[in-house]
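Enquirer: In full-length UniProt numbering, the protein residues as written are 1 to 762. Ideal Cβ positions, reconstructed from N, Cα and C, are used throughout, including at glycine.
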């Protein structure tokens, strides 16, 4: 039995090399940091029946290789739920479920961040101006601060405590653990001092409170997560859009009549009917009828291809004007569209080296900080003298507060947000940090031809009237009318050109479509025709063809398509139609070459056209007649040779290569799928934006690295001081209040450094 299609081709199980194992991707919900991805991946890898697992925090997905006889999807979901996350399984549209959950989380986080900020402001003000709130002069200040802080810590920040507890149950920790410990201890310690200040007074110490540190930590960490979620808000819906290319139902011909059935019921060998404007549902071979089919998703070429009996058609392509029947040859997961979907999914699910580094840092940062806090407490208890407990508690709390990863959490998203804004000002949309990390390292650029280097639509480049009729205006009106009634995709280019000359149509006495040759019509008793060389020869105009051979050859060498307009006695006009090169393409390519970047051109078009375009824009290395898989293979070939590859394209046919490239850039006037898969999108069609994008990448990644550097330096210097390193030297012991202020200051410095990106010139 043949495999049947599914509305979720992208999430269908795939057999791994071991026949017992199934490899499948699942959307993961509620991951809020890189450490979360580490926890999910670790839990999956240590689950019986799971051979391997990879969790991608960037696209919120888990790819699991497992034995379904040992553990099923529900079992995998239960494992993930036990540590506070969720796995989307058995959903009709898992990507939609994930997108909805992420939107709900974003809105909830936005409200929590807003309220945390509103309630934190008065707490900070009271803490700054009423430092001695426990004195009789202002007896109720601490109670006010405690009342305002409680909902911030335990309601607006409850998710940190819930997630920390779920992690702790399995012996794991993430940044939520650090936030929960620092804010929880600071709040409880401050509450004790508020309710029982005499405990410290009797020991000659002032009962300081640190409510503002607890609330500010919650507010800043929430702000960091909000910025990160906003930066990721354009979560790729590429797979969903690709799957939308396949219709839900099809019409099959059973020998007696047509019957509409669900796409899942289609079998190899069935005859399928396609009408004008419909999407072709599966791969097959035309049985009867003729039409033009838009195959731009496969070849990237804008000109629809004529289909006759015996020619192949592909799922997802769009029928234009005619109606035809074809026999299904590949269905379900075997179609070319399904293969593209699968390849895009696998490419997006793979981990970049930079993500592995982030995972490693996130995996060890939290346990190290907790260990330092415990070590600090123990050291003070042993060597602290008569105030050992007091100093031990204060220093360990200070370590947790000052090490709270607020600056670390803000370092990347703030730079990304400013970089995105700067890019938008320069017609560049940037999707994620990975493209910024790799963009300035690019040393090989692959350009799609159609729509990227060229305009992407047929245009009349030359119209040579080799012989004038008795009435030139009449001849032009007839030409306009013939082409406006023609179904050939090049006809629109001629109509558009004549419109610019102010020509309008007329009424023909007769019109006929000449299959494979052109069209003809009668007007005022004379027959006119427009078509190819074959039509001219049939009309006995061979001698006149010889006269224009030189001109025609010149145009053909320039990769232009030539059509002839004639009446019964003579050829009136020779017309050249081409997809013109964008005016700035050559300049942009030369700019890339000056940076030492190798430039390649790939196209599904024929070699003659490809060579002409490559020569025009200064590209010496090009590939013609390439299919989507060929483009993807070329990307991998360059990567295998040590190149950092940027792919620039505009069509569905480019989506595989875009997904595999280190940096992918889509032209903004291209297909939605190309823009979704790409990590950068150029709003303009001007290729000069590419060098600007790479320069912006360099500046933005510099800001990210500076932010991360200062965030880590802050911790490297701050944690030892918070632990009391200076106490034996000069008696200095860092107050948790100052630690909270330092933590806030580090966050402000990170944001300020990111804002410098606004002033750079590209």
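1. Buried or exposed for residue 509, going by 16 or more other Cβ atoms inside 10 Å?
2. Would you decide whether residue 717 is buried or exposed? Buried here means 16 or more other CB atoms lie within 10 Å of its CB.
3. Where residue 442 and residue 593 are concerned, what is the direct C-alpha to C-alpha distance, given to the nearest angstrom?
4. Grouping DSSP H, G and I as helix and E and B as strand, with all else coil, what is residue 31?
5. According to the Cβ coordinates, are residue 390 and residue 376 closer than 9 angstroms?
6. Verify whether the separation of the beta carbon atoms of residue 68 and residue 336 is less than 9 angstroms.
7. Sort 258, 280, 451, 315 by Cα distance to residue 685 and report the nearest one.
8. Could you check the C-alpha separation between residue 47 and residue 366 for me, to the nearest Å?
9. Check whether the stretch 571-579 and the stretch 500-509 are in contact - that is, three or more C-beta pairs closer than 8 angstroms.
10. Among all the DSSP beta bridges, which residues are the ones paired with residue 65?
11. Under 9 angstroms, do residue 101 and residue 30 count as touching if we go by C-beta distance?
12. Can you give me the C-alpha to C-alpha distance between residue 564 and residue 495, rounded to a whole angstrom?
13. On the CB-based measure, 16 or more other CB atoms within 10 Å of its CB, does residue 206 come out buried or exposed?
14. Taking DSSP as the reference, what is the three-state secondary structure of residue 210?
15. Return yes when the Cβ of residue 397 is within less than 9 angstroms of the Cβ of residue 210, no when it is not.
16. Given that a residue counts as buried once 16 or more other Cβ atoms are within 10 Å of its Cβ, and exposed if not, what is residue 353?
17. Mind checking which residues open and close the beta strand (DSSP E) that includes residue 600?
18. Can at least three beta-carbon pairs, one atom from the stretch 139-159 and one from the stretch 112-131, be found at a separation below 8 angstroms?
19. Can you give the beta carbon distance from residue 704 to residue 436, rounded, assuming they're within the 8 angstroms contact cut?
20. So what does DSSP say about residue 763, is it helix, strand or coil?
21. I'd like to check one pair, residue 687 with residue 589: are the Cβ atoms closer than 9 angstroms?
22. Going by beta carbon distance, what residues of the same chain come within less than 8 angstroms of residue 21, once the five residues before and after it are set aside?
23. Among 373, 109, 535, 500, which one has its Cα closest to the Cα of residue 513?
24. From residue 721 to residue 732, what does the alpha carbon distance come to, in whole angstroms?
25. Rounded to whole angstroms, how far is the Cβ of residue 573 from the Cβ of residue 463, which I believe are closer than 8 angstroms?
26. Let me know if residue 165 comes out buried or exposed under the rule of 16 or more other beta-carbons within 10 Å of its beta-carbon.
27. Check this for me: beta carbons of residue 87 and residue 77, under 9 angstroms apart or not?
28. Is residue 326 helix, strand or coil by DSSP?
29. My output table needs one value for residue 591: the three-state DSSP class, helix, strand or coil.
30. Return no unless some Cβ of chain C is closer than 9 angstroms to the Cβ of residue 75.
31. Indicate the three-state DSSP secondary structure (helix, strand or coil) for residue 733 in the structure shown.
32. Would you call residue 159 buried or exposed, if buried means 16 or more other Cβ atoms sit within 10 Å of its Cβ?
33. Is the separation between the beta-carbon of residue 276 and that of residue 291 shorter than 9 angstroms?
34. Nearest to residue 250 by CA position, among 226, 256, 279, 222, is which residue?
35. Smallest Cα separation from residue 742: which of 715, 636, 314?
36. Which same chain residues, not among the five before or five after residue 329, have their C-beta less than 7 angstroms away from its C-beta?
Expert: So, from the listed chains and residues:
1. exposed
2. exposed
3. 12 angstroms
4. coil
5. Cβ atoms of residue 390 and residue 376: not closer than 9 angstroms.
6. no
7. Closest by alpha carbon: 451.
8. 23 angstroms
9. By the Cβ test, the stretch 571-579 is not in contact with the stretch 500-509, since fewer than three Cβ pairs between them sit closer than 8 angstroms.
10. 23, 52
11. yes
12. 14 angstroms
13. exposed
14. coil
15. yes
16. The pLDDT assigned to residue 353 is 46, lower than 50, so where the model puts this residue is not dependable; a value taken from the coordinates is nonetheless given after this. It counts as exposed.
17. 598-602
18. Enough Cβ pairs lie closer than 8 angstroms, so yes.
19. 7 angstroms
20. The first residue shown for the chain is 1 and the last is 762, placing residue 763 beyond what the model contains.
21. yes
22. 15, 51, 65, 66, 67
23. 535
24. 9 angstroms
25. The Cβ separation is near 6 angstroms, so the contact holds.
26. exposed
27. Yes, they are a contact pair.
28. In the structure shown, residue 326 sits in a strand (DSSP, three-state: E or B).
29. helix
30. Among the chains of the structure shown, chain C does not appear; only one protein chain is present.
31. In the three-state reduction of the DSSP assignment, residue 733 falls in the coil class, being assigned neither a helical nor a strand state.
32. buried
33. yes
34. 279
35. Nearest option by C-alpha distance: 715.
36. 268, 283, 284, 285
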